[in-house]
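Residue numbers (the UniProt record's numbering), protein chains in the order written: chain A, 1 to 280; chain B, 1 to 280.
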């Protein structure tokens, strides 16, 4: 019996049954934390890869002429739209972990069949902050990630933007899974706060500053480990990751800031929004 | 005056002029080596990211039913074809560094205009070994890269295959640039061997076993550095990259083997083929 059906017909069923369903689906605080930790590597890799290319401003300026005329959308937006359309047809968004920036209503015409299960509460699964991620990425992160310059490789560059965006989207919107696990683990307290629509108290209840501090320092360390110049010997790129002489492909403090200012706050925003729909 | 025009009208012009053109375009043994070294990081990242997902066999089996029927091509091939079509329209292949696996003859309808220069000799620029890379990747590398399993995330999985393929293609087919630089640096010797179509002697002249050994050991080290589990403290993921206890997301010896058996030999095959057309 699918979790979705139980939720639909027994919205306030006893916690034990719902917990059992989660145990069957494999969703737990441990699996959620493991997922988020592994995604840190993916995010750092994607940032390092974007930083390989110069800023390439014509790719982002809606005023740039292409197709022989001006458009309302930047080249980057056009590219993401067209790439997401292919990926939608290929079934990428059948998994609730993946959310497009430009939603498509297409049948999954290309993908081999697969029966996905969902661990999310259906009425809250739609929650996402992709618009905020899009704006943050292009306006606040990218200018500090890439060096000034224009080498004309716009398609390769915006391909690597798309990888960054998809990775950040998956990580941040995974807040829905985090919230679901936290809700199940403390159903009584969360239910009261959700009924009262008490956003501030929900935010407080799901916040662990000590855990957030560990995450921020760990992603900064990952930026140091993965972004150095590795050589077989010599002073740069040896195993001394704390060397102040080392140069990195992406500034580790920028990755710290990304998590501090945007990834963690946006994830918690997703968690709160999800919880507010958790009893719908 | 573009290098291409000089080559076309002065195919045997004096070495000094051609060397000057290369100096202007920035192509030198140092820039070529820097490019190849940086691509190692990209390759290791892409392998680690593909290894995140299980093998997902239905994505690769031409006998899998999708679109409600059987096809002659696997889902992975269909996905790569459709993704490359979007990227071709977006101008990815205007840069000679990028070569599609399924060539398209489309106008660059989407990309902002940019005047690319080429450092390659036009009659030899077409050389590539994408067919061999495709076959090697799916038949020989992938079975050792991904764990057995099927989680249904075929679109995400083959997206990461595409990144691996594009990265390997760019790295290996960069042999054209390597060959161009080596030719310019020793024009007299290479010209004699090219005229005699002496493949074995060309292969010998462009081989440096000491340099290849450095590259293979360095990519293995990169797989250790980038593929470990980084923690703020504790035995696994500390700065001791040589720890035999450490577990890695991709087996470092597989990355060594990838370079030893395929990347380096295929690159040299590209170099020889390019040189054989260098005086056309």
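Just so you know, even glycine gets a beta-carbon here, dropped at the ideal spot from N, CA and C.
task = Tell me where the alpha helix (DSSP H) around residue 127 (chain B) begins and ends.
result = Where residue 127 (chain B) is concerned, there is no enclosing alpha helix (DSSP H), given that its DSSP letter is neither H nor E.
Exercise for review: Could you check if residue 258 (chain A) is buried or exposed, using at least 16 other CB atoms within 10 Å of its CB as the buried criterion?
Suggested key: buried
- [ ] Put residue 105 (chain A) into one of helix, strand or coil per three-state DSSP.
- [x] coil
Taking all protein chains shown into account, do 16 or more other C-beta atoms lie within 10 angstroms of the C-beta of residue 34 (chain B), making it buried, or fewer, making it exposed? exposed
Over what stretch of residues does the alpha helix (DSSP H) that includes residue 99 (chain A) continue unbroken? Taken as a continuous stretch (DSSP letters only), residue 99 (chain A) belongs to no alpha helix (DSSP H), as it is neither H nor E.
| request: Specify the secondary structure class of residue 278 (chain B) as computed by DSSP and reduced to three states. | output: coil
Requested in this report: Within the same chain, show all residues whose beta-carbon is closer than 7 Å to that of residue 201 (chain B), passing over the 5 residues directly before and after it, in chain order.
Outcome: 193
If you reduce the DSSP assignment to three classes, tell me which class residue 116 (chain B) lands in. coil
Within chain A, the residues that residue 87 (chain B) reaches when beta carbons sit closer than 9 Å:
79, 83, 155, 156 and 159
Q | Listed by chain order, chain A residues near residue 248 (chain B) by CB distance under 7 Å | A | None at all; the shortest Cβ gap to chain A is about 12 Å.
Nearest candidate by alpha-carbon position, reference residue 184 (chain A), set A:96, A:131, A:121 and A:61: A:121
What number of angstroms, rounded off, separates the C-alpha of residue 2 (chain B) from the C-alpha of residue 119 (chain B)?
Because the pLDDT of residue 2 (chain B) is 37, which lies under 50, any placement of that residue in the model is unreliable, and the number read from its coordinates should be weighed accordingly. Rounded to the nearest angstrom, the two C-alpha atoms are 9 Å apart.
If I measure Cβ to Cβ from residue 157 (chain B) and keep anything under 7 Å in the same chain, skipping five residues before and after, which residues do I get?
53, 56 and 59
Q. Since residue 38 (chain A) is in the alpha helix (DSSP H), which residue starts that stretch and which ends it?
A. 29 to 50
- Task: Anything in chain A within Cβ reach of residue 146 (chain B), meaning under 8 Å, just list it in chain order.
- Result: Here the premise fails: no neighbours, minimum Cβ distance about 15 Å.
Problem - Spatial neighbours of residue 83 (chain B) in its chain, beta-carbon cut-off 7 Å, leaving aside the 5 residues before and after - result: 162
Does the beta carbon of residue 45 (chain A) sit closer than 8 Å to a beta carbon anywhere in chain B?
yes
Straight-line CA distance for residue 181 (chain B) to residue 263 (chain A)? 45 Å
(Q) Which same chain residues end up closer than 8 Å to residue 106 (chain B) when comparing Cβ atoms and leaving out the 5 residues on each side of it in sequence? (A) 85, 88 and 89
Notebook entry, point to check: Can you tell me the Cα-Cα spacing of residue 47 (chain B) and residue 191 (chain A), whole angstroms?
Noted result: 43 Å
> For residue 248 (chain B), which residues does DSSP report across the bridge?
Replying inline: B:228
DSSP three-state label for residue 265 (chain B), please.
helix
| Is it the case that the Cβ atoms of residue 99 (chain A) and residue 266 (chain A) are separated by a distance below 8 Å? | no
Q. If we call anything under 8 Å between Cβ atoms a contact, is residue 124 (chain A) one with residue 278 (chain A)?
A. A Cβ-Cβ contact shorter than 8 Å links residue 124 (chain A) with residue 278 (chain A).
task = With 8 Å as the threshold, decide whether the Cβ of residue 221 (chain B) is near any Cβ in chain A.
result = yes
_Interface flag, residue 92 (chain B) vs chain A, CB-CB below 8 Å_ = The C-beta of residue 92 (chain B) comes closer than 8 Å to at least one C-beta of chain A.
For residue 273 (chain B) and residue 27 (chain B), I'd like the C-alpha separation in whole angstroms.
20 Å
Worksheet item: Of the residues that make up the region 188 to 218 of chain B, which ones have a beta carbon closer than 8 Å to any beta carbon in chain A?
Response: 214, 217 and 218
Any Cβ of chain A within less than 8 Å of the Cβ of residue 225 (chain B)? yes
Do residue 261 (chain B) and residue 207 (chain B) count as a contact pair if the criterion is CB distance below 8 Å? no
Requested in this report: On a CA-only basis, which of A:152, A:175, A:96 and A:141 is nearest residue 116 (chain B)? Give me that one, please.
Outcome: A:152
Practice prompt. List the residues of chain A that residue 95 (chain B) touches, going by C-beta distances under 9 Å, in chain order.
Written response: The CB of residue 95 (chain B) comes closer than 9 Å to the CB of 151, 152, 153, 155 and 156 in chain A, given here in chain order.
Secondary structure of residue 62 (chain B), DSSP reduced to three states: If DSSP states are grouped into helix, strand and coil, residue 62 (chain B) belongs with coil.
If you count every other CB in all the chains shown that lies within 10 Å of the CB of residue 45 (chain B), and 16 or more means buried, which is it? Under this definition residue 45 (chain B) is a buried residue.
Worksheet entry | Under 7 Å by beta carbon: chain A residues contacting residue 257 (chain B) | Correct list: empty, because the minimum Cβ distance to chain A is about 18 Å.
Cβ-Cβ distance between residue 214 (chain A) and residue 275 (chain B) below 8 Å = In this structure, residue 214 (chain A) lies away from residue 275 (chain B), with their beta-carbon atoms at least 8 Å apart.
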